[in-house]
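Chemist:
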Amino acid sequence: MKAHGLAEWSDIKAVISIGDSITAGFAMLSGRPPFATILEFRGKVFSGGGDDGEYTLTNFLRTYTKNIKGSPSGFTLPLATGKGLNTAVSGAIAQTLPSQVERLRRQFGRAGIYHKYKNEWKLATIFIGANNLCAACGPESIVSEIADPEEYGAALKLALQELRDSIGPTFVNLVGIFDVTLVYELSRGYPYCELLFDKLPFPICGCATGDDADRKKAGDLSKKYNEVMERVAHEINEESSDSRTFGVTFQPGLTEFKDGSSPYGQGYLSGLDCFHPNKCANQVMAVAIWNNMFSDREDKYKPMKPSDLEIYYHRYTTSVALKNMSAAQEKPMLTRVDSSLTISDSPVATTSALDALTSLPVTIIPGPTAATVLEQSLIKAEAAAAAAAAASDPPDGGSRAWLVVLGSFLVHSIAFVPTEFIFGIFELHYQIIYPDAAASSIAFVGTIGSAVTYLSGFLAGIIADRFGFRITVIAGTTVMTLSLVLASFAKQLWQLYLTQGVLFGIGSSLAYYPAVAVPSHYFTKKRGLATGVAVSGVGVGGLILAPVTNALIERTGIYWTLRILALITLVVCGTASIFIVESKNHLKSHATVYEESSAPEQEEDLEKKTEKSKGEKSFFSAVKVFKDPQFLSLAMAELAVSIGLLMPLYYIPTYAVFIGVSAEKGALILGLSNGASFVGRIVLGVISDYISNEKVLLLCAWCTSLAVLVVWTVSRSFGALLIMGLMFGFFAGGYISLVPVAVADCFGTKEMASTIGMMYAAGGLGVLGGAPLAGYLLDITRPNISYLPVTMTAGGTMTLGALGITAWVYLSWKAKSMQRFKTSETLA
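The sequence shown begins at 1 in the UniProt record's numbering and counts up one residue at a time.
1. Taking the alpha-carbon of Asp11 as reference, which of Phe60, Thr65, Tyr55 has the nearest alpha-carbon?
2. Would Ile18 pass as a contact of Ala88 if the rule is Cβ separation under 8 Å?
3. Do three or more CB pairs link the stretch 467-483 to the stretch 432-448 at distances below 8 Å?
4. Sorted by chain position, which residues of the same chain lie with C-beta nearer than 6 Å to Val172's C-beta, five sequence neighbours on each side aside?
5. Which residues in the same chain as Ile805 place their Cβ atom closer than 7 Å to its Cβ, once the five residues preceding and following it in sequence are excluded?
6. How long is the line joining the alpha carbons of Leu726 and Ala676, rounded to whole angstroms?
7. For Ala281, which residues in the same chain have their Cβ closer than 7 Å to its Cβ, ignoring the five residues on either side in sequence?
8. Counting beta carbon pairs with one atom in the stretch 648-665 and one in the stretch 510-521, are three or more of them shorter than 8 Å?
9. For Ser705, which option in Asn67, Val641, Met759 has the closest C-alpha, if you only look at C-alpha atoms?
10. Measure the Cβ-Cβ separation of Cys207 and Asp198 and say whether it is below 8 Å.
11. Pick from Gln431, Ile236, Phe275, Leu39: whose alpha carbon is nearest that of Leu158?
12. When burial is assigned at 16 or more other CB atoms within 10 Å of the CB, is Thr799 buried or exposed?
13. Enumerated in chain order, which unbroken segments of the alpha helix (DSSP H) with a length of 4 residues or greater are wholly contained in the stretch 650-737?
14. What does the alpha-carbon distance come out to for the pair Asn226 and Glu239?
15. Which stretch, first to last residue, makes up the alpha helix (DSSP H) that contains Ser17?
16. If Val404 and Phe178 are in contact, beta carbons under 8 Å, what's the gap, nearest whole angstrom?
17. Please report the straight-line C-alpha distance between Ala774 and Pro783, rounded to a whole angstrom.
18. Using only alpha-carbon positions, find the residue among Pro418, Leu182, Ser577, Ser688 that is nearest to Ala528.
19. Can you have a look at Ser633 and say buried or exposed, based on whether 16 or more other CB atoms are within 10 angstroms of its CB?
20. With distances taken Cα to Cα, identify the nearest neighbour of Gly168 among Thr181, Pro149, Asn119, Phe504.
21. Excluding the 5 residues preceding and the 5 following Asp273 in the sequence, name in chain order all residues of the same chain whose CB lies nearer than 6 Å to its CB.
22. Where does the unbroken alpha helix (DSSP H) through Ala233 begin, and where does it stop?
23. Given Tyr655, which residues of its chain have a CB within under 6 Å of its CB, disregarding the five upstream and five downstream residues?
24. Evaluate the contact criterion for the stretch 218-234 versus the stretch 145-152: three or more CB pairs, one atom per stretch, below 8 Å.
25. Looking at C-beta atoms only, is the number of pairs between the stretch 538-554 and the stretch 484-504 that lie closer than 8 Å three or more?
26. Would Ser270 and Ser30 be called neighbours here (beta carbons separated by less than 8 Å)?
27. Use the C-beta contact count for Leu186: other C-beta atoms within 10 angstroms, 16 or more gives buried, fewer gives exposed.
28. Between Phe669 and the rest of its own chain, which residues show a CB-CB distance below 7 Å, the 5 nearest in sequence each way excluded?
29. Looking at the structure shown, is Glu427 part of a helix, part of a strand, or coil, going by DSSP?
30. How many Å lie between Ser90 and Gly461 at the Cα?
31. What residues in its chain sit with their C-beta under 6 Å from that of Gly532, if we drop five residues either side in the sequence?
32. Using CA coordinates, which residue listed in Phe246, Gly666, Pro252 is at the minimum distance from Ser295?
33. Name, in chain order, the residues that DSSP records as bridge partners for Trp121.
34. So Val248 is in the beta strand (DSSP E); what residue range does that whole segment cover?
35. Closest by CA to Leu195, which one among Gly769, Tyr776, Arg32?
36. Skipping 5 residues on each side, what residues in its chain have a beta carbon closer than 8 Å to that of Val485?
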């Protein structure tokens, strides 16, 4: 680092990117649906991408410093909290920038992986405001809170001040906001984009897809944003004039983007939503911003056409192109990516960057001072925080909370019943309708339904957390009803795969995950009881529907039975949707949902667990639970248990016939097993509130595996099989009810639907293979059928699941012991 400031580009050792989904590279390489992708291609982002051969500011800097730190490569999952020093978060607004700065502070802190670069120069690029801008075409309350230019400027200034005080020597590119009219114009001529912008009711940005008045409003607002940004840059530089280790320059961004072609056949817009810039647009943005770093103020505002852009390299940093000085013969380090972009040399100078780049003339825009706006924002924030604190604790009772539990109970009584808890009855009759089909093929109908329910849980959880629990349950109810009606007209087995399998599984997933998550929003001390009552709906549904379904099939046939079940589903789950809604303290506005950021990977596990236990975990950190040993042990246990869990439910009726018990008694055993499941869910849930969830869940896992591995294997009579069914139902019901409680206890209730969905996705893999595996094991024993391979396989996998629960209990106790030790050490 030079004493007089940043002098040579080789002084820069790290690259930082801050912003929203554009800076995260969302859908940059996406094709059209169904070939679309929602990944974030951070390695190709204009500001800090590190992929080889790409036009990015990082790769331009590598002409001078090859070993640049912090530049991510590859891609991340959508809505990630960052990679490397790219901390951009999709959906972020200016008011949430402090969370990204806080992540950087931790990364450059004493325990951070970039600590040794804190005193080195860094290039930071901030591109934020598109979501603020789009909010201008929303409700008036949102406009005043999010889209207001002065609120935007105050938040931006606060973030820059925190950045200056947190991470050491930094030069900041503050990139201007584009006019959404430009995006609208670029969408013209592409039928898919025109459909998105002109016809569909859910636009990604209402200002871009609205009418001309909306676009004019947004255009005027973007100009104000840019004026505010230029003013904020000037104010920050004035504040930092005594320090030569921090500077900000405003880059106007792109004002013209009409000519040139994209290698993706869609101009400069993403193939997914026709709003985010694609790879070609990112290349142009990188070159334009790079060259702007060496331009005077007038040249910065000239329209930028891709066909005219050249990449200039400077030995020394400067803001003004000094045309009379000799040109440097620097050799570019990049490979040409697009024929419309050329590489050439540029004049050099010996001026310090902070003397030159921050000395441009600035027009000060009159208006409320940033301090006044910031003070008003802090007052609002303090009032909101006080109100949130007053309502933060769940009620743990009351009519509203128990009505929510009732709604969850009703959904549970339907969601899994036709594909799991009474599918054995369907299977018995499907074998008559399809005599040539193998047992494994018929079992695959129910398996698909269960597997789709589990595997689509992650997406269902996202939908529930994004659009609300009630809307998601209504959508699930509609899909489940439709699937059963369509199944009643199926004439071939593959049609059942699609209707009673795939379609019902999708609907079940949409209804189930909000229902299983919502009780924890209203209960803490009685969480085990509330969740137990809710999920006991499965047992009640199975207890009632098992004999009812068997009787209906005998009297009306299987097709009318499916139609009657469709009507029951519509009435029961439709009623449930009236009661299911998140607790108010768990609802998130667009302005706050992105404020929380997960801790860096290098932070202690104890600190992460403490945050989770308080429920202060966003969806973005929920994705990172895949790195948590507790989550992995639970997920692996769920995978193993799910392989064996459905085998008794599917094959108790057929096994009863196999040992000489009538089909009616087999259905009765299945119904009583479901009834025992109902009792187990409530009783064991209550016990877990008084003992501990870990101990009761451990007991359930081992007793369930014992019931299958030992008792089922030796059952040769109605009485023995009944004992097995009751034991299995009681403890399996407890296991099912306590797993969501374990998730809530470990990871908090925020975004709980998404977290449970991710864990149950592992269970979906087990469900997908469990019942067909049992059918295959039966088929290979023909003609001398034996159920021993089925019982041993089911019991063996459930024993593996019990071992996984044992590992989770150990890790949970260990984490709690560490927390108690830490607390006692602090008090001492």
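Positions of the beta carbon are idealized from the N, C-alpha and C atoms, including for glycine.
Predicted model, so just to flag it, every value in this text is computed and none were measured.
Modeler: Taking the definition as stated:
1. Along the sequence shown, read from residue 1 onward, the residue named residue 11 stands at position 11. Checked all of Phe60, Thr65, Tyr55; the closest Cα to Asp11 is Thr65.
2. Indexing the sequence shown from 1 puts residue 18 at position 18. Indexing the sequence shown from 1 puts residue 88 at position 88. Yes, Cβ-Cβ distance for Ile18 and Ala88 is below 8 Å.
3. no
4. On the sequence shown, residue 172 is found 172 positions in, with the first residue counted as 1. For Val172, where only same-chain residues beyond five positions count, the Cβ hits under 6 Å are Ala124, Val248.
5. Working through the sequence shown from its first residue, we reach residue 805 at position 805. Ala637, Leu697, Leu698, Ala701, listed in sequence order.
6. Position 726 of the sequence shown, counted from the start, is the residue given in the question as residue 726. Position 676 of the sequence shown, counted from the start, is the residue given in the question as residue 676. Taking the straight line from one Cα to the other gives about 6 Å.
7. Sequence index remark: in the sequence shown, residue 281 carries index 281 (1-based). Result list for Ala281: Tyr268, in chain order.
8. no
9. Working through the sequence shown from its first residue, we reach residue 705 at position 705. Checking every option, the nearest Cα to that of Ser705 belongs to Val641.
10. Working through the sequence shown from its first residue, we reach residue 207 at position 207. Working through the sequence shown from its first residue, we reach residue 198 at position 198. No. Outside cutoff.
11. The residue labelled residue 158 in the question sits at position 158 within the sequence shown. Among Gln431, Ile236, Phe275, Leu39, the Cα nearest to that of Leu158 is on Ile236.
12. The sequence position of residue 799 within the sequence shown is 799, counting from 1. Buried, by the Cβ-count rule.
13. 663-690, 693-706
14. Residue 226 sits at position 226 when you count from the first residue of the sequence shown. Residue 239 sits at position 239 when you count from the first residue of the sequence shown. One C-alpha to the other measures close to 20 Å.
15. Looking up residue 17 in the sequence shown gives position 17. Counting along the chain, Ser17 falls outside any alpha helix (DSSP H), though it belongs to the beta strand (DSSP E) covering 12-19.
16. Stepping through the sequence shown from its first residue, residue 404 is reached at position 404. Stepping through the sequence shown from its first residue, residue 178 is reached at position 178. With a Cβ gap of about 44 Å, Val404 and Phe178 do not count as contacting.
17. Counting from one through the sequence shown, the residue named residue 774 turns up at place 774. Counting from one through the sequence shown, the residue named residue 783 turns up at place 783. Each residue's Cα considered, the two are about 16 Å apart.
18. The residue you call residue 528 lines up with position 528 of the sequence shown. Correcting the residue identity first, residue 528 is Gly in this sequence and not Ala. When only C-alpha atoms are compared, the closest one is Ser688.
19. Residue numbering aside, residue 633 sits at position 633 when the sequence shown is read from its first letter. Classification for Ser633: buried.
20. Taking the sequence shown and counting its residues from 1, the one referred to as residue 168 is at position 168. Answer by Cα proximity: Asn119.
21. On the sequence shown, residue 273 is found 273 positions in, with the first residue counted as 1. Around Asp273: Ile204.
22. For the purposes of this step, residue 233 is taken as the residue at position 233 of the sequence shown. Where Ala233 is concerned, the enclosing alpha helix (DSSP H) stretches over 212-239.
23. By 1-based counting over the sequence shown, the position of residue 655 is 655. Excluding sequence neighbours, Tyr655 sits near Tyr787.
24. yes
25. no
26. Within the sequence shown, the letter at position 270 stands for residue 270. Within the sequence shown, the letter at position 30 stands for residue 30. The answer is yes: Cβ separation under 8 Å.
27. Here residue 186 refers to the residue found at position 186 when the sequence shown is read from its first residue. By the 10 Å Cβ count, Leu186 comes out buried.
28. As a position in the sequence shown, residue 669 is number 669, starting the count at 1. The identity of residue 669 in the sequence shown is Ile, whereas the question assumes Phe. Closer than 7 Å at the Cβ level, and outside the excluded window around Ile669, lie Ile652, Ala656, Leu721, Leu722, Gly725.
29. Position 427 of the sequence shown, counted from the first residue, corresponds to residue 427. Here Glu427 sits in helix by DSSP.
30. As a working mapping, residue 90 is identified with position 90 in the sequence shown. As a working mapping, residue 461 is identified with position 461 in the sequence shown. Cα to Cα, the separation comes out at about 18 Å.
31. In the sequence shown, counting from the first residue as 1, residue 532 sits at position 532. Only Arg681, Ile682, Gly685, Ser737 meet the Cβ criterion.
32. As a working mapping, residue 295 is identified with position 295 in the sequence shown. When only C-alpha atoms are compared, the closest one is Pro252.
33. The count along the sequence shown starts at 1 and reaches residue 121 at position 121. Per DSSP, Ile12.
34. Start at 1 with the first residue of the sequence shown, and residue 248 comes out as number 248. Start and end: 246-251.
35. Mapped onto the sequence shown, residue 195 falls at position 195. Nearest option by C-alpha distance: Arg32.
36. Locating residue 485 in the sequence shown gives position 485, counting from the first residue. Excluding positions up to five away in sequence, the list reads Leu562, Arg563, Ala566.
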